[in-house]
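Numbering (UniProt numbering), first residue to last: 1 to 359.
Working notes, beginning with the structure itself.
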Amino acid sequence: MQLPSEVSSPSLLECEEGRFGENCSQTCSCTSGGRCDGETGRCVCLHGWTGDLCQSACSKGFFGERCEQRCDCVHSPSCHHVTGLCECEPGWRGARCDKHCLPGSHGASCAQPCDCQAGVSCHHETGSCGCPAGLMGPGCETPCPAGVFGMNCSQLCRCSGDQEQCHPVTGKCSCLPGYYGARCELRCRAGTFGPNCKSRCSCTSGGRCDFRTGTCYCPAGFIGADCSLLCPDGFYGLDCGQMCECRNGARCHHITGGCLCTAGWAGPHCILACPEGTFGERCSHTCECERGSRCDHVSGGCSCAAGMTGVRCQLREFHPQLIIAQRCITQLIITHLCITQLCITQHDTASQKYGQLSS
């Protein structure tokens, strides 16, 4: 709850426009529509104004709130300090002052008509009849075409058209990008390009550099502005434009498209398992499985035939009942005596010895 004294205190009341400070006793000095802070008296300027008292328009080339935005004009010394609208130089128009006056007009705001004989244009800036040297067209907006220069583009160039270019105003010959020499007869040396061959090529991986533009032409298997990137997985060749045909997880060579087979596979497209008796990478390992057992073409692991066991299938599987039967038959052949009693004895002995295995 506020006390009456607090409510009525003059220092807490909001000052009327143009006043500030304790008891609103001081007068604001802001100009250009600036608003005065009721406590400090500091001026808050409108868009397009700056200074302690908002007395100055934005500096040339800036506009808007706190004069922080840059003008975006072409043929204009500046823009309006509040709106940012471009203030075009004579002879130019458009939001950015980037368009010349339409044919038949010239000068400030393109508001002055040309005073030339029929069929003759005037300069969009000066209003003089006929275009200045090096330019042509209804609005004098087009440079002289190749091979001619000067006033009305009426003079012939003396330059070699293949390697030299003629200045549209003076007619002076200069080398086209990619050439140099007294008569521009020499092509840029390897590794350089452009006007006067001053730029260095950036091609890598054996890429060829265009002596005019510096564009890299990449060899098969490489892409990128400087040919530094390998073809992505699944593609190969020139411009990485061909699809790989490898199978079973094989990688494709980025240049030739040849398949780099994974262990256990062979053939041009890696679709053939290793020949029998071999396994592993490039099918270069020899299987060690014995007694007709099969060898895995990838790992070399042995799949034993019936009755065989061991890493290489080199051991017979152990069955106590089989031993008992073999012993009975052997005794039968040798002695022909007491067959029944012998077999029972052997069975009892074997059962005692291998009872746990047969149970």
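Where a beta carbon is used, it is the ideal one built from N, C-alpha and C, also for glycine.
Being a predicted model, the structure only gives us computed values, none of them experimental.
Does T83 pass the burial test, meaning 16 or more other C-beta atoms within 10 Å, or should it be called exposed? Here residue 83 refers to the residue found at position 83 when the sequence shown is read from its first residue. Around the C-beta of T83, fewer than 16 other C-beta atoms lie within 10 Å, and the residue is accordingly described as exposed.
Is the segment 61–69 in contact with the segment 81–97, if contact means three or more CB pairs nearer than 8 Å? yes
Taking 6 Å as the limit between beta carbons, can you name the residues of its chain near S56, skipping five residues before and five after? For the purposes of this step, residue 56 is taken as residue 56 along the sequence shown, with counting starting at 1. Around S56: T50.
Nearest by alpha-carbon distance to residue 360: which of C283, R316, E245 and V44 is it? For the chain, the structure presents residues 1 to 359; residue 360 sits outside this window and is missing.
Would you grab the beta carbon distance between C116 and C129 for me? Rounded to a whole angstrom, and I think it's under 8 Å. Counting from one through the sequence shown, the residue named residue 116 turns up at place 116. Counting from one through the sequence shown, the residue named residue 129 turns up at place 129. Contact flag correct, Cβ pair sits at about 4 Å.
Best match in R294, E22, L186 and E164 for proximity to G38 [C-alpha to C-alpha]: Your numbering for residue 38 matches position 38 in the sequence shown. Per the Cα distances, E22.
How do the segment 177–187 and the segment 159–166 stand: do at least 3 beta-carbon pairs fall below 8 Å, yes or no? yes
Report the three-state DSSP secondary structure of C338 (helix, strand or coil). On the sequence shown, position 338 is the one that residue 338 refers to. Here C338 scores only 49 on pLDDT, less than 50, and its place in the model should not be relied on; the value that follows carries that caveat. Three-state DSSP puts C338 in coil, outside helix and strand.
Buried versus exposed, by CB contacts within 10 Å (16 or more), P168: Looking up residue 168 in the sequence shown gives position 168. P168 sits buried, since 16 or more C-beta atoms from the chains shown fall within 10 Å of its C-beta.
Run through the DSSP bridge pairs and tell me what R19 is partnered with. Here residue 19 is taken as the residue at index 19 of the sequence shown, counted from 1. Answer is T27.
Within 10 angstroms of its Cβ, does F279 collect 16 or more other Cβ (buried), or is it exposed? Walking along the sequence shown from the start, residue 279 turns up at place 279. It is buried - the Cβ of F279 has at least 16 other Cβ atoms within 10 Å.
Cβ neighbour criterion (16 or more within 10 Å) applied to M243: Looking up residue 243 in the sequence shown gives position 243. The residue in question, M243, is exposed, as its Cβ has fewer than 16 Cβ neighbours within 10 Å.
For the structure I just gave you, are there three or more beta carbon pairs, one from the segment 255–272 and one from the segment 306–321, closer than 8 Å? no
Through-space distance from R294 to L315, alpha-carbon basis: The residue labelled residue 315 in the question sits at position 315 within the sequence shown. The residue labelled residue 294 in the question sits at position 294 within the sequence shown. Approximately 15 Å, taken between the alpha carbons.
Mind reading off the beta-carbon distance from S32 to L46? Whole number of angstroms is fine, and I expect it under 8 Å. Looking up residue 32 in the sequence shown gives position 32. Looking up residue 46 in the sequence shown gives position 46. Rounded, the Cβ-Cβ distance is 6 Å, consistent with contact.
Residues in its own chain within less than 7 Å of H124 by CB, not counting five upstream and five downstream? Taking the sequence shown and counting its residues from 1, the one referred to as residue 124 is at position 124. Closer than 7 Å at Cβ, skipping near neighbours: G91, H100, C101, H106, G139 and C140.
Compare the Cα-Cα distances from T126 to each of C289, A263, Q112 and C246 and report the closest residue. Indexing the sequence shown from 1 puts residue 126 at position 126. The shortest Cα separation from T126 among C289, A263, Q112 and C246 belongs to Q112.
I'd like the span of the beta strand (DSSP E) that includes S78, first residue to last. Locating residue 78 in the sequence shown gives position 78, counting from the first residue. Element bounds for S78: n/a, residue is neither H nor E.
Within 10 angstroms of the Cβ of C121, are there 16 or more other Cβ atoms? Answer buried if so, exposed if not. On the sequence shown, residue 121 is found 121 positions in, with the first residue counted as 1. Here the sequence assigns Ser to residue 121, which means Cys is not the residue at that position. Buried, since its Cβ has 16 or more Cβ neighbours within 10 Å.
Nearest residue (CA-CA) to D72, options R208, S59 and A95: One-based indexing of the sequence shown puts residue 72 at position 72. When each option's Cα is compared against that of D72, the closest is A95.
Among L53, V311 and C246, which has the Cα closest to the Cα of T262? In the sequence shown, counting from the first residue as 1, residue 262 sits at position 262. When each option's Cα is compared against that of T262, the closest is C246.
Between the Cα of G48 and the Cα atoms of R42, G41 and G34, which residue gives the shortest distance? The sequence position of residue 48 within the sequence shown is 48, counting from 1. With distances taken between Cα atoms, G48 lies closest to G34.
Looking at the secondary structure, which residues open and close the beta strand (DSSP E) in which C175 lies? Along the sequence shown, read from residue 1 onward, the residue named residue 175 stands at position 175. Its beta strand (DSSP E) spans residues C173 to C175.
Find the nearest neighbour of C110 within the set E87, H253 and L176, judged by alpha-carbon distance. By one-based count along the sequence shown, residue 110 stands at place 110. Closest by alpha carbon: E87.
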